[in-house]
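Take the sequence shown: its position 488, counted from the start at 1, is 483 in my numbering, and no numbers get skipped.
Idealized CB from N, CA, C, for every residue including glycine.
Small disclaimer: the values here were computed from a predicted structure and weren't measured.
Below is one structure, written out as structure tokens; comments come after it.
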Amino acid sequence: MATSSDEMKTKPSWRRFEDGANVWEDLTDKIFMEDSSHKCPTYVHKTPPCQGSCPSGEDIRGWLQIVRGLEQPPADMDWREYAFRRSTDANPFPAMMGRVCPAPCQDGCNRNALEDFVGINAVEQFIGDTAIDNGYRFAPPPPDTGKRVAIVGGGPAGLAAAYQLRRRGHACTIFEANSALGGMFRFGIPGYRVPRDRLDAEIQRILDLGQVEVRLNTRVGRDLAVAELERDYDAVLWALGCQSGRGLPVPGWEGTPNCVSGVAFLKAFNEGRMKVTAAKVVCVGGGDTSIDVVSVARRLGHLPEHAKRDLPETVIHDGYLAHDTAGAAAAEGAEVTLTSLFSREQMTAAEHEVTDATREGVTILDGVMPLEVLKNAEGRATGLRVADCRMEEGRPVAVEGTERVLEADLIVSAIGQGGDLSGLETLDNGRGLIDADKFHQVPGRPGHFVAGDIIRPHLLTTAIGQAWVAVESIDAYLGQSEQRRRPKVDVHHFNLLDKLAEVERAPQPFVVGEAGDLRGTSAADYAVHNYEDRSGAEVIPHDELYLGHFNHHARNLRQEQVPSAEQVLAHFAERVAGLSEAQAVDEAKRCMSCGMCFECDNCVIFCPQDAVFRVDKAARTTGRYVDTDYSRCIGCHICADVCPTGYIKMGLGE
């Protein structure tokens, strides 16, 4: 039977044994192929690459195990709420991040070596939406410590910091320069990607923790002096973000009214002030911001007959003006072009976002560099002179003979963002950003900490992860304790001792003199038998798994409502439809549980000595499903060979 190329791409292509793999390359391994050895199974917890790739450090494997029904919740909690609590240990915005995160976790997923990554984003969206629909709240904060922290900036980093501070009992005040909280969630991403009701619900859940004061329309450095924060608060966290866009570094850009930044363009749209755009829009970029700009421009369209007040730059430059809503009803489609220095494959925007923009009628010119903004006698831009380019030592060089002009009524620069530290010049590192040490403290300024884009513009999930680290540093500072050394793999790790305590199976106290043989034990109840936690130091790669265990299992795809070029005008419906519960559970079952036992029974079935056995149900929990009888084990290492998750390693013992 013929097989299509698409089918071939989804078929597992991995083989456990390759030709020539019957000979041991290492003498040590060859020695232990004899009939017995002193190597016995050791249960080793490592960090999966999805989590190691997540800038927020979410316990992705953990909440996938909960959704699939493998890790059981406490007796008084529904599994859906338990999954919500596990996912929000690191990130309080599952509904948001499940929609807009570019998902480096999926790039790192070990299942890519087999067929296709696990749809982590899709399951996270399900967790977040289910939590909102069911009204789940965060656990009440601990008793008040009496400490107060000033958070400057109410975007993802600032809000995540407020959440983590309250979980430690510290009160906080958020100072936000805009009229609402949310930062780039609200002002940088269109509502058809980030539904505002979902965003508001996730923000309100943080505020509901109490003792989170919010002061909107308050800019520190203008309305409030830094000295006042230092006087009134025990610590200050700078989470300003970067909401100043960079202009094009070409002649003609500066001072041209219809040349605007992508950040300003999206802010005017997201605040509801910009209802129409220009007839011909050219956006220079290649990242996620540029994709949002061109997609919004196609949805807004332009007015064929307009007064000066209807020009898009009038509301972009002036935050108090707004287009007339009734007039926007007469809008017609806009001609929109996106240019990028890099080839389409190298653009930093997600591939499916680029594909969607093309379907919506955006013309994408890749491998093109801007050279000059052309202007008319009135000083308005009429076009952008560009040329094909090649990269030499990381810099674009124009290809001779390829110059041409792209006609434009509005030129948008989406080539990066910067911070606005006016009034805060003492914090400026000379690049419009704030320096941070490895603990996210501001060097040379005790009590000052920093997180988010103001360190270096990056992903929303990066800002949220930095907020967690900064709060841990703030907590140590407020408690006057020494900063603990951060692990090599710095994420929210599964903790077996905490899990055992949760299910009331914690080890018994160790009593000196009554312990017996301390070399190793499979019977004593003062220790977790033969367990090693390497999650803070090692990420488990796919070649440590037994991939031959896994069958082909197609990914559950979310339905996307992407309009065609003819349908896109005024199309503001949400783009992504979430998975059903059944789909989310099925998708979670595709997780290979890298670095953690998922109770497949392979080791029990294949052990020729019956040395590996299931832990008694009364003592069993996640990570403690199997055990080893050392008196039976001969060190044959078959259990380690057939362990799909790489959880079993051969360690020295008796």
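Anticipated Cβ contact below 8 angstroms, residue i with residue j, distance rounded
i	j	result
Tyr472	Ala230	6 angstroms
Gly447	Gln461	6 angstroms
Ile450	Leu428	6 angstroms
Ala568	Gln554	12 angstroms between Cβ atoms; not a contact.
Gly123	Gly93	5 angstroms
Cys45	Cys100	4 angstroms
Met591	Tyr642	6 angstroms
Val209	Ile201	Rounded, the Cβ-Cβ distance is 10 angstroms, inconsistent with contact.
Val147	Phe170	5 angstroms
Leu495	Thr616	6 angstroms
Asp622	Phe608	6 angstroms
Val310	Arg268	4 angstroms
Thr125	Arg81	Rounded, the Cβ-Cβ distance is 13 angstroms, inconsistent with contact.
Rounded separation between residue i and residue j - CA only
i	j	result
Leu59	Ala577	13 angstroms
Ala635	Gly282	44 angstroms
Thr444	Ala273	Correcting the residue type first, residue 444 is Phe in the shown sequence and not Thr. Between Phe444 and Ala273, the C-alpha separation is close to 42 angstroms.
Glu388	Val368	26 angstroms
Asn265	Leu366	30 angstroms
His435	Ser468	7 angstroms
Ala579	Val118	5 angstroms
Ala263	Thr456	24 angstroms
Met3	Arg214	With a pLDDT of only 45 at Met3, under 50, the local geometry of the prediction cannot be trusted, and no value is derived from it.
Gly242	Arg193	32 angstroms
Ala329	Leu295	8 angstroms
Gly280	Ser575	35 angstroms
Arg619	Tyr521	15 angstroms
Arg161	Pro89	18 angstroms
Cys598	His566	54 angstroms
Asn490	Thr42	11 angstroms
Ala98	Phe593	24 angstroms
Cys254	Val363	18 angstroms
Asp84	Gly114	20 angstroms
Ser174	Glu420	24 angstroms
Ser(-1)	Pro536	With a pLDDT of 41 at Ser(-1), under the threshold of 50, the modelled position of this residue cannot be trusted, and the question is left open.
Gly186	Gly178	13 angstroms
Asn424	Pro452	14 angstroms
Asp1	Cys96	Reliability fails at Asp1, whose pLDDT of 48 lies under 50, so the model's placement of it is uncertain and the value that follows must be treated cautiously. Answer to the nearest angstrom: the Cα atoms are 26 angstroms apart.
Asp605	His632	13 angstroms
Asp404	Arg63	52 angstroms
Start and end residues, alpha helix (DSSP H) containing residue i
i	result
Asp528	Here Asp528 belongs to no alpha helix (DSSP H); instead the beta strand (DSSP E) covers Tyr526 to Asp528.
Ala577	Glu576 to Ala583
Thr377	Looking at the DSSP string, Thr377 is not in any alpha helix (DSSP H); the run it does join, the beta strand (DSSP E), is Ala376 to Glu387.
Ser82	Trp74 to Ser82
Val118	Ile115 to Asn129
Glu346	Glu346 to Arg354
Thr309	Pro307 to His312
Leu676	Shown here, the chain extends from -4 to 649; a query on residue 676 therefore has no answer.
Pro99	Pro99 to Gly103
Phe182	Met179 to Phe182
Val599	Asn597 to Phe601
Arg217	Counting along the chain, Arg217 falls outside any alpha helix (DSSP H), and DSSP gives it neither H nor E.
Arg94	Pro89 to Val95
Pro44	Pro44 to Gly47
Extent of the continuous beta strand (DSSP E) run through residue i
i	result
Gly543	Here Gly543 belongs to no beta strand (DSSP E), and DSSP marks it neither H nor E.
Tyr38	Lys34 to His40
Asp622	Val621 to Thr623
Ile61	Unbroken run through Ile61 is the alpha helix (DSSP H), Ile55 to Val62; no beta strand (DSSP E).
Leu405	Leu405 to Ser408
Val607	Val607 to Arg609
Ala635	No beta strand (DSSP E) contains Ala635, which is instead part of the alpha helix (DSSP H) from Ile633 to Asp636.
Val400	Arg399 to Glu402
Arg390	Arg390 to Ala393
Identified DSSP bridge partners for residue i
i	result
Glu327	His297
Cys167	Val144 and Val207
Gly413	Ser239
Gly646	Cys35
Pro365	Val381
Ala572	Gln554
Gly230	As written in the sequence, residue 230 is Ala, which differs from the Gly given in the question. Val144.
Leu202	DSSP lists no partner for Leu202.
Thr334	Val279 and Leu360
Heavy atom of the ligand ZN within 6 angstroms of residue i beta-carbon
i	result
Gly240	Of the ligands one can find in the structure shown there are none, so the ligand ZN has no counterpart to examine.
Just list the beta strand (DSSP E) runs in the stretch 235 to 299, keeping only unbroken ones of 3 residues or longer that don't cross its boundaries, in chain order.
Residue ranges of uninterrupted beta strand (DSSP E) with 3 or more members, entirely inside the stretch 235 to 299 and ordered along the chain, are 254 to 256 and 275 to 280.
Please give the ranges of any alpha helix (DSSP H) in the stretch 417 to 505, keeping only runs that are unbroken, at least 4 residues long and fully inside the region.
The stretch 417 to 505 contains these whole alpha helix (DSSP H) runs: 455 to 473 and 491 to 497.
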